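Working notes, beginning with the structure itself.
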Amino acid sequence: MSTGEAAAVLETALPTVMEPVSSANEADLVAGCRAGRREAFDEVVRRHYDRLYRLAYAMAGPSGAADLTQETFLAAVKALPGFRGESSLSTWLISILRNQYTLWLRGQRKWRNVPLEGEAARLPTPEAKPMEGMLKEIFEKMKELPEELRTSLVLFYVEGLKYAEIAEVMEVPVGTVRSRLFEARERLKRRVAPGAERSAP
Amino acid sequence: MKCPDAREALDPWLDGELEGEERAALEIHLARCGDCTRQIDERRTLGADVRDALRRSLEGLEPPAGARTRLVDEMVVLSRKRFLLPARVAAAAVAVVTIGLVAYALGFSRPTPQQVEVALRLGEREAREVQIRRLREGARQDLRFVRDALEPDRVDPAAAALAVAASHVERALDPHVPPPAAPAAPAGRLIVSGVVNGSPVELVQSADGHVRLAVPGRTLEAPSMADLLRRHADVCRAYAVEGGEGHVRVGDQSAAVDLRGRLDLLWRTGRWEEGVQWEAARAWMEAVVPDAQEAERRLKELQERVARAAQSVPVPAVKPDVSAALRHVKRMTREELEEARGRVDQEMRRLEEQLREMQEWRGRAQGLRAFAEGVRKRN
């Protein structure tokens, strides 16, 4: 085969541009991703990156936010064949983020799909504004909560999910979400304001 | 409902997540229990503090710049690795296998889709560069033909026009070509003055093509008429200033040097005016063909032939050498691959523009060649 023919063959192997994806509905977008279309991935990232990054930052802090977000999207690509469209793409991505977060917490670095080559590939993570006073205290205490309590709070307060949606993401019954949120707030209350315990029954 | 249950239901109630019977039961309990009612504010404040702490920790947070593009690249590569063979149509599957075979035949492992993409682009860039080079070379050959058609002692207007036009194209093809030596007799100095809308206007073009336009309140200067008209289009329009090298007009006042003087000015300013070429052709034709009607017919014929020659510039077919590009790409690290992709995209845009320009210059050169053929035969 001549190189010209090889080039022609190579060209047909690349995905072709079809209709614009910016206005595509979710099913089309997922189909585009399954076909490996760059514009579809572009659009998914455009729609969901910032929100997932915020969540990742709230979960893992500045040191892990960028990597965690990246790994979430890459894990989503791998898991795409299993996405049935029963939940929204957003909820599905958040549940993947949560799984990646638990892996990240275990510190086994199993969560990394693509090894980063050297320090140059490491993404710089901009820090949010520092906090002071009581809020800082609450925030510090929050870091010490068990993962499932902390994640419940983040999903509820940062992402604004309903109890039922949190249940879906964390794959537990709604009642468990409710008791986790109660437990989390109780622990923060006791740690933040020990005086409040006196009025408890 | 008893107090312990009520305490646990307070949060969901405040969160708007308590429904039906449980909600009713809690509200009945709260109506009767002062202790639990006093808890409402505390739970609400606690919830608000937790929410504020979380939101404040994210205030002003900006996702890292550039992360998205790199991420999309990785997603594309990862997805093609995973889905390309099973999910795509048969033709694509065959193509992928063929890539593998070609790669194998070339003596290296199967390239990743990203490597293939960059290799294709590198191949295309190479092909574009070859096309531009060939167009330029073709134009130079045309100009050599034009030069050969001009005998050294030929001084008729057609020959003079050809020489000026050819040097104009030569300078465009190669910016390093030194400007031609000035002819012995400089063209005359042109001065036109007039009153436009009640304002006095004066336009002067000197022997080296330089122009000076004086209008009320300001004086504008430019190295050529073309420059003046381009750079100060609004002023020229406002004061009805028109013309070209060697012929200028202000309102209804105009002045011009002869054809020779205009060719001289074009030579000096490095410009070209298509009209001058045909003026020269007409002068030459009238001199060699005594019959006015016959001269006119031949001139028209020549114009058509030149226009056809100038318009038919096919882009030379060049096959991209993807195998060489693949070999090159295979040696790149991931970062180099990324960088190459970005760079090639930029260069391709520049090359496309150059290609279009070069097509135009090749057209001009072909037109001049046709013109030279036309005015040589009858000499």
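Residue numbers (my numbering), protein chains in the order written: chain Z, 1 to 201; chain V, 202 to 580. Glycine is no exception: its CB is placed at the ideal position from the N, C-alpha and C atoms. Because the structure is a prediction, the values reported are computed rather than measured.
Contact set between A225 of chain V and chain Z, taken where Cβ atoms lie within less than 7 Å: Under the 7 Å cutoff, chain Z gives no residues; its nearest Cβ is about 17 Å from A225 of chain V.
Is the CB-CB distance between R150 of chain Z and L259 of chain V below 8 Å? No, the pair does not count as a contact, with Cβ atoms beyond the cut-off.
Would you say L262 of chain V faces chain Z, with C-beta separation under 8 Å as the test? At least one chain Z Cβ lies under 8 Å of L262 of chain V.
Beta carbon of L351 of chain V nearer than 8 Å to that of L363 of chain V: The answer is yes: Cβ separation under 8 Å.
Where A320 of chain V and H529 of chain V are concerned, what is the direct C-alpha to C-alpha distance, given to the nearest angstrom? Rounded to the nearest angstrom, the two C-alpha atoms are 8 Å apart.
State the start and end residues of the unbroken beta strand (DSSP E) segment that holds G248 of chain V. That residue, G248 of chain V, is in no beta strand (DSSP E); its alpha helix (DSSP H) goes 235-258.
Compile a chain-ordered list of the residues in the region 39-60 of chain Z whose CB is closer than 7 Å to at least one CB of chain V. Only those residues of the region 39-60 of chain Z whose C-beta falls short of 7 Å from the nearest C-beta of chain V are listed: F41, D42, V45, Y49, D50, Y53, R54, Y57, A58.
Compare the Cα-Cα distances from L538 of chain V to each of V:V331, V:V317, V:R341 and report the closest residue. Of the listed residues, the one whose Cα sits closest to L538 of chain V is V:V317.
In whole angstroms, what is the alpha-carbon distance linking L153 of chain Z and A184 of chain Z? Straight-line Cα distance between these residues: approximately 7 Å.
Since P401 of chain V sits in a beta bridge, which residues does DSSP pair it with? P401 of chain V is bridged by DSSP to V:V396.
Cα-Cα separation between A35 of chain Z and S88 of chain Z, rounded to whole angstroms: Roughly 19 Å between the two C-alpha positions.
Helix, strand or coil at K189 of chain Z [DSSP, three-state]: When secondary structure is reduced to three states using DSSP, K189 of chain Z falls in the helix class.
So, does the region 388-398 of chain V touch the region 440-452 of chain V, judging by three or more C-beta pairs under 8 Å? For the pair of segments examined, the region 388-398 of chain V was found to touch the region 440-452 of chain V: the number of CB pairs separated by less than 8 Å reaches three.
What is the rounded straight-line gap between the Cα of G575 of chain V and the Cα of W562 of chain V? Their backbone Cα atoms lie some 20 Å apart in a straight line.
If we call anything under 8 Å between Cβ atoms a contact, is V507 of chain V one with Q560 of chain V? Their beta carbons are not under 8 Å apart, which means V507 of chain V does not touch Q560 of chain V by this criterion.
Beta strand (DSSP E) segment containing V451 of chain V, residue limits: Annotation: the continuous beta strand (DSSP E) that includes V451 of chain V extends over 448-451.
Are any of the Cβ atoms in chain Z nearer than 8 Å to that of L538 of chain V? For L538 of chain V, the closest Cβ of chain Z is not nearer than 8 Å.
Please report the straight-line C-alpha distance between L404 of chain V and R463 of chain V, rounded to a whole angstrom. Whole-angstrom Cα-Cα distance: 16 Å.
Proximity test, Cβ basis, 8 Å: M170 of chain Z and chain V: Not an interface residue.
For the region 68-80 of chain Z, enumerate the residues whose C-beta is nearer than 9 Å to any C-beta of chain V, in chain order. Residues passing the 9 Å Cβ filter: T69, Q70, F73, L74, A76, V77, K78, L80.
Going by DSSP, what residue range makes up the beta strand (DSSP E) through E422 of chain V? Residues 419-423.
What whole-angstrom Cβ distance do R557 of chain V and D343 of chain V have, given they're in contact under 8 Å? Distance from R557 of chain V to D343 of chain V at the Cβ level is roughly 18 Å; contact not present, criterion being Cβ atoms closer than 8 Å.
Quick one, which of V:R256, V:A366, V:A361, V:G261 has its alpha-carbon nearest L135 of chain Z's? Among V:R256, V:A366, V:A361, V:G261, the Cα nearest to that of L135 of chain Z belongs to V:R256.
Roughly how many angstroms lie between the CA atoms of M170 of chain Z and L323 of chain V, to the nearest whole one? Going from the Cα of M170 of chain Z to the Cα of L323 of chain V covers about 47 Å.
Backbone CA spacing between V158 of chain Z and I166 of chain Z [nearest angstrom]: Annotation: V158 of chain Z to I166 of chain Z spans about 12 Å, alpha carbon to alpha carbon.
Since D253 of chain V meets chain Z, which of its residues come closer than 7 Å, beta carbon to beta carbon? Here the neighbours are L135.
Cα-Cα separation between A207 of chain V and F182 of chain Z, rounded to whole angstroms: Cα to Cα, the separation comes out at about 12 Å.
Tell me the residue span of the beta strand (DSSP E) that contains G339 of chain V. The continuous stretches of beta strand (DSSP E) do not include G339 of chain V, which lies in the alpha helix (DSSP H) extending over residues 314-350.
G444 of chain V bridges to which residues according to DSSP? The beta-bridge partner set that DSSP reports for G444 of chain V consists of V:V449.
Identify whether L181 of chain Z lies in helix, strand or coil by the three-state DSSP scheme. The answer is helix: DSSP assigns L181 of chain Z an H, G or I state.
Cα separation between L466 of chain V and R472 of chain V? Going from the Cα of L466 of chain V to the Cα of R472 of chain V covers about 8 Å.
Distance CB(Y49 of chain Z)-CB(R372 of chain V) smaller than 8 Å: Contact flag unset, no.
Using the Cα positions of E147 of chain V and A573 of chain V, report the straight-line distance between them to the nearest angstrom. The shown model of chain V, from 202 to 580, leaves out residue 147 of chain V, and the question about it has no answer.
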